[in-house]
Structure formats: structure tokens, C-alpha cells
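Chains as they are written, first to last, in this note's numbering: chain A, 190 to 423; chain B, 190 to 423. Okay, structure first, notes after.
Number of protein chains: 2
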Amino acid sequence: MATRTEPVPEPRIPLSRERVLRAAVKIADEGGIEALTMRHLAEELGVEAMSLYYHVANKEAILDGVVDAIVEEIEETAGGFDVPTEVDNWKSAVRERILLARQVMLSHPWAPGVIETRTNQSLAAVRHFEGLVGLLREGGFTYDLAHHALHALGSRALGFSQELFEPDDPDQADAEAAAMFEQMADQFPYIVAMLGEIAHDDPDSTLGWCDDQVEFEFGLDLILNGLEEHLETT
Amino acid sequence: MATRTEPVPEPRIPLSRERVLRAAVKIADEGGIEALTMRHLAEELGVEAMSLYYHVANKEAILDGVVDAIVEEIEETAGGFDVPTEVDNWKSAVRERILLARQVMLSHPWAPGVIETRTNQSLAAVRHFEGLVGLLREGGFTYDLAHHALHALGSRALGFSQELFEPDDPDQADAEAAAMFEQMADQFPYIVAMLGEIAHDDPDSTLGWCDDQVEFEFGLDLILNGLEEHLETT
DNA sequence: ACCTGAACACCGTTCAAGT
DNA sequence: ACCTGAACACCGTTCAAGT
């Protein structure tokens, strides 16, 4: 029979909103967003699913909190979202901040999908946008142009962009897509020719799928340069 | 007792993939994407849920098919995705095609969210991209630049863009957001000032939320103009 | 104050069975 | 060939109850 002197095996840290959210991020990182269920999350925390509801309103609230946590990670990585009072180069400042956000997003590949479903704004995200608007404003933007800029950037402001053409499992689906396009060269001459050239330029990857980082920066710079022109012509 | 001569009340059109997909679009249009469940869909078709599996592999296949149907609707509205052999103005041609896609998307507000989750390419979408690449190519683009263009456009190529800041229920959430920002004017001076100016410029809507169409076109033109410059400097 | 057991309403999906 | 009933494994969530 166990006596009183048995060493407490686990100090039994009490649950908290923080711990729940941290565990949620961990689960999504390890098993993807579909692994993030109330029951699974509870198991990870060594608790019953229903206990979660004491610390969090419902699953929506968890997803809200998880997005907030990710943007806070960006904020920490950036050393805060503060706006310098003198902005000598808004373009590189904005560019750097966004590419840094992208680095964090890349370490949580499920996060963009969750962010897109959120209707409640994360407070950390508002701080992030506040910082961006500040950089633009101090860089000479009117508020009107800064507003257009946010819309033009869209999800790029948070470091990701919608990839419409690429499958999530490159190795497997690439071959499929390649075979399909080969077969349909007469139906899709332009696309097949385009992909052919890309494969040529980049013989490394099996059939030369795209360099997402390069493409992200291309699109970002296109927008930033366009904004710069608006700034100068006004 | 019913006799054999009773008029058949409904001819009982047999199910088919087409009918299933059409019904799926209808349900999503009327009740949002969360209303699109196998059981609900079956009910709409006057059938048991399990019958659907005879015509369609699973729910994923339905979502794939539904995306295809929406892009086909774009195709029909556009009178096909054909590429004219002579393109005198690629910019306005691409612009028109994209804005037309947007019109269709606006009538299926749930569609962007579904498209974003798809990993399998819709064949109709491939035809659409084929058309876009064709327009660019005949307009003087290298395949390399056309490829960059697709990435830069991202979801805009299909007529929608990620709205990170706006709630789906404008009437209700606007007031909330407004109150929140008022309260936090000292924490978010730039954003509050920005929103203040926008409200000023557009006194119609309660607190002047954004004109999505204007913003979409602003971002689209920014990208198209940027591409044009790349085209000229090469 | 914090956690749980049992239960509910709802998913997508299977499988053997009906016509 | 086409459809169904019963069942399964899994959701998020409630509520009264335990400590």
C-alpha cells in the first residue's frame, strides 16, 4: 500500500489559460491543426476535456488565443512593435518587419489557415498593424495611403500569402501534377511551357517547384514599390 | 388503400454527381459553409446521407467539386477562358477577367474559404490560370515573369483577397471595434487616427468601414502596374 | 476554486443488407 | 445499379456532481 511518504510524482501544476494555449500551439506544431481537439488537448495536459472549459470559453476562444500567441511570438522576435519617431527608410523597415513575421509563420505552418478563419482581431495583431501604420506614417504616408497599403498587403502584412497552386505534400503531389501536365500539354500549352522553363531554371528540385521565399519577396517588393510611387506622385 | 393509379408525386430524379454538387452549392449559398454537412445535403436531395457516397467518394471530393463548379461559373460568365492570339492590352484584359471572377466570388462568399483549404487543383481553375498566363505571354511577358505574376497576385487571381481586419458581421462588430479603438486611442494612436480619417472621408456607413471593391482594385492595380514596369525594364 | 462523469447532439464514414 | 439502417469512432459542449 502506498504510504504518505511517496514522492509526489508530479507537482501537478494547476491549469491556466496560458498553459492551455501553450499546449494548443504545441499540439498544432506537432500534429497539424486537425490534431487540435479538446479531448486531445486535455490529454496533453493530463486532464479531462471538460476541465478546459473552466479556463477558456470554448474552442473558438482557444483558436483566438493561439493566434494571439503566434503574433506575440513575432512581437518578441522583433523586440516589440514600437515605432521609431524618425523613420529614415519606411520601405526597408516595413519589409524587415514583414519578413520577420514570415519567419515565425514558417515555423507554424498551420497558423495562416487559422488566422484566416478568425473574425475577432487579436490584440497582438492590432499592435502589429499599429506598428506598420506608424512606420508608414512617419515615412511620409497619408493615413489614406497607409490604409490602402494595409489592404494591398493583405495577409502579406502578417508574413504569409495564399498559395493557390501548390500542394502541401511536395514530394508526392509534384509527380502527380507533373504527369498530369505532361499529358495535357495540348490543353494547357502556356502553363506547361511556363512550368518547363521554371524546371529548367532550377534543376535542383525534382521538377522545380517554386521557391516560396523568392516569390513572397517578389510580391512584397512589387507592392512596396508601388506604394512608393503613390507616395512620390502625391 | 392506395391504388396503382395514384399519380407519381415526384418523378424521383435519380441522384448524380452533378445534382449532389449543385445542391451543395445551394446549401452553402443559403446557409453558409457550416450548413454543408452530409446529412443536411442528403436531406436537401430527399435521400439518406449514405446514398451520397455512391456518387461521390467523400466530403473532400464534394468540396473539390464545389470549387470546380464555382470556377466553372466564372468560366461561363466570362464566355470561356480562351486566349486571343493578339493581345493588345494585357493589363486591362487581365484586370477585367479578375474583376469578373470577383463578381462571381461575391455571390458565393463562402467560396474563398473553401478554395484556401483545397490542395487538389480544380481543373477549371487550371484552365483559368492557363488563360491568365496566355494573356500575359501574348502581352509580352516572359514565362518567368508570368510565373512571378501568378504568385504576386495570389488569391487575387481568383477574385478575392484575405481581409485580415474586417469582421463578417459589419453591423454588429463595427460598433464593438469602434468602441474598443476609442478606448485605446492612447495605445493605438496611428490606427485610431487612420480610422478617424477614413470615417471622415466616407460618412455614409456608421463608422466608415472600408469599401472592399475599391481596396481590391487598388491592390490589383498596384500589382499590375508593378508587373508592367518589370516588363518595360527588361 | 477547480476538476470530472455521464450524457447530448452532432459529425463523417463503414458495411452488410435491401430493392 | 442504386439506395438504406444500423452502427462506429469521433467531435464540441452541458450540467450536475464531486473534492
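Backbone N, C-alpha and C define an ideal beta-carbon position, used for all residues, glycine too.
Using the beta-carbon of each residue, which ones in chain B are nearer than 9 angstroms to residue i?
i, result
"M227/A", "The contacting residues do not exist; M227/A stays about 18 angstroms from chain B at best."
For a contact defined as C-beta to C-beta under 8 angstroms, what are the partners of residue i on chain A?
i, result
"I380/B", "V315, F318, E319 and V322"
"A346/B", "L353"
"E305/B", "G302, E305 and Q351"
"L230/B", "Here the premise fails: no neighbours, minimum Cβ distance about 21 angstroms."
For residue i, which residues in chain A fall below 9 angstroms Cβ to Cβ?
i, result
"G224/B", "Strictly speaking, residue 224/B in this sequence is Ala, with Gly absent from that position. Going along chain A, no residue has its Cβ under 9 angstroms from A224/B, so there is no contact; the nearest lies around 16 angstroms."
"Q372/B", "Chain A residues near Q372/B: none, gap ~12 angstroms exceeds 9 angstroms."
"L210/B", "What L210/B touches in chain A: nothing, since even the nearest Cβ is about 21 angstroms away."
"L420/B", "Here the premise fails: no neighbours, minimum Cβ distance about 12 angstroms."
Closest to residue i by C-alpha separation, out of the options, would be which residue?
i, options, result
"G348/B", "E319/B, L295/B, Q310/B and E371/B", "L295/B"
"P203/B", "E219/B, E237/B and A224/B", "E237/B"
"R286/A", "P301/A, W299/A and A314/A", "A314/A"
"F318/A", "F270/A, E219/A, Q292/A and F354/A", "F270/A"
"E264/A", "T274/A, I387/A and L288/A", "L288/A"
"L312/B", "E262/B, G235/B, S281/B and S240/B", "E262/B"
"G221/A", "W279/A, A267/A, G302/A and S281/A", "G302/A"
"F354/B", "D400/B, L334/B and A335/B", "D400/B"
"F330/B", "A374/B, E386/B, E417/B and A346/B", "E417/B"
"E223/A", "G235/A, K248/A, M373/A and E421/A", "K248/A"
"V276/A", "E327/A, F370/A and A290/A", "E327/A"
"R291/B", "R345/B, L234/B and N414/B", "R345/B"
"R316/B", "S350/B, G268/B and W279/B", "G268/B"
Name, please, each residue of chain A whose Cβ falls closer than 7 angstroms to the Cβ of residue i.
i, result
"A335/B", "M383"
"S350/B", "G343"
"G328/B", "Ordered by position in chain A, no residue passes the 7 angstroms Cβ test against G328/B, which lies about 12 angstroms from the chain."
For residue i, go through chain B and note every residue whose CB falls closer than 7 angstroms to its CB, in chain order.
i, result
"R206/A", "Result: empty, since nearest Cβ-Cβ is about 20 angstroms, beyond 7 angstroms."
"Y332/A", "A382, M383 and E386"
"G415/A", "L411, N414 and G415"
"L241/A", "What L241/A touches in chain B: nothing, since even the nearest Cβ is about 22 angstroms away."
Please list, in chain order, the chain B residues whose beta carbon lies closer than 8 angstroms to that of residue i.
i, result
"G235/A", "Those do not exist, as G235/A stays about 32 angstroms from chain B at its closest Cβ, beyond 8 angstroms."
"H244/A", "None at all; the shortest Cβ gap to chain B is about 23 angstroms."
"T252/A", "Just to set this straight, residue 252/A is Leu in the shown sequence, not Thr. Those do not exist, as L252/A stays about 14 angstroms from chain B at its closest Cβ, beyond 8 angstroms."
* Does the segment 372-383 of chain A touch the segment 313-332 of chain B, meaning 3 or more C-beta pairs lie closer than 8 angstroms? -> yes
* Taking 8 angstroms as the threshold, find out whether the segment 247-254 of chain A comes into contact with the segment 305-312 of chain A through three or more Cβ pairs. => yes
* Using a beta-carbon distance cut-off of less than 8 angstroms, what residues from the segment 268-284 of chain B approach chain A? -> V272
* Asked: If we count Cβ pairs, one from each stretch, closer than 8 angstroms, do we get three or more for the segment 403-410 of chain A versus the segment 329-346 of chain B?
  -> yes
* Asked: If you scan the segment 250-302 of chain B from start to end, which runs of the alpha helix (DSSP H) of 4 or more residues do you find wholly inside it?
  -> 279-295
* Which runs of the alpha helix (DSSP H) spanning at least 4 residues fall entirely within the segment 194-248 of chain A, listed in chain order? -> 206-220, 227-233 and 241-244
* To do: For the segment 283-303 of chain A, enumerate the residues whose C-beta is nearer than 8 angstroms to any C-beta of chain B, in chain order.
  => G302
* Going along the chain, which residues of the segment 402-413 of chain A sit with their C-beta nearer than 7 angstroms to a C-beta in chain B? -> E404, F407, G408, L411 and I412
* To do: Mind the definition here: the segment 232-250 of chain A touches the segment 200-212 of chain A only if three or more C-beta pairs lie below 8 angstroms; say whether that holds.
  => yes
* Check whether the segment 254-265 of chain A touches the segment 209-225 of chain A, counting contact only when three or more Cβ pairs, one atom from each stretch, lie closer than 8 angstroms. => yes
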